[in-house]
Amino acid sequence: MTESERVGSRIKAMRKQCGYTQEKVANDLFISQSYLRLIEHGKANPSINMVEKITSYLEAALNGSAGEEVFSLDE
1 MTESERVGSR
11 IKAMRKQCGY
21 TQEKVANDLF
31 ISQSYLRLIE
41 HGKANPSINM
51 VEKITSYLEA
61 ALNGSAGEEV
71 FSLDE
């Protein structure tokens with residue numbers, strides 16, 4: 001599994017844990033749904049800033065998990 005696939009898989013898992021659709025996340029973050037789909041499938045190579053933007057948004061939605069490590073590139 002490539003790094004892009006691992007990152008995408010983690011983002012997708014976090015999104016599903018939140019109960020959010022790709023459409024909702026994309027709209028809330030002002031990115032295209034197709035770009036988010038590419039990220040989740042490991043077909044895009046997002047910048048670190050984009051990964052942080054997405055994961056920060058999802059972490060905030062996970063019931064007060066701010067300050068806890070929910071996402072790690074090392075896993």
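When we follow full-length UniProt numbering, the leftmost residue of the sequence shown carries the number 1, and every step to the right adds one. Note that CB positions come from ideal geometry on N, CA and C, so glycine has one too.
Count the other CB atoms, across all protein chains shown, that sit within 10 Å of the CB of residue i; report buried if there are 16 or more and exposed otherwise.
i     : result
Met1  : exposed
Glu59 : buried
Gly8  : buried
Along the alpha helix (DSSP H) that carries residue i, what are the first and last residues, could you check?
i     : result
Met1  : Note, Met1: premise wrong, no alpha helix (DSSP H); not H, not E.
Tyr20 : Taken as a continuous stretch (DSSP letters only), Tyr20 belongs to no alpha helix (DSSP H), as it is neither H nor E.
Using the Cα positions of residue i and residue j, report the straight-line distance between them to the nearest angstrom.
i     : j     : result
Glu23 : Lys16 : 12 Å
Leu36 : Ala26 : 7 Å
Ile39 : Ile48 : 12 Å
Helix or strand or just coil, what does DSSP make of residue i?
i     : result
Lys53 : helix
Lys43 : coil
Leu29 : helix
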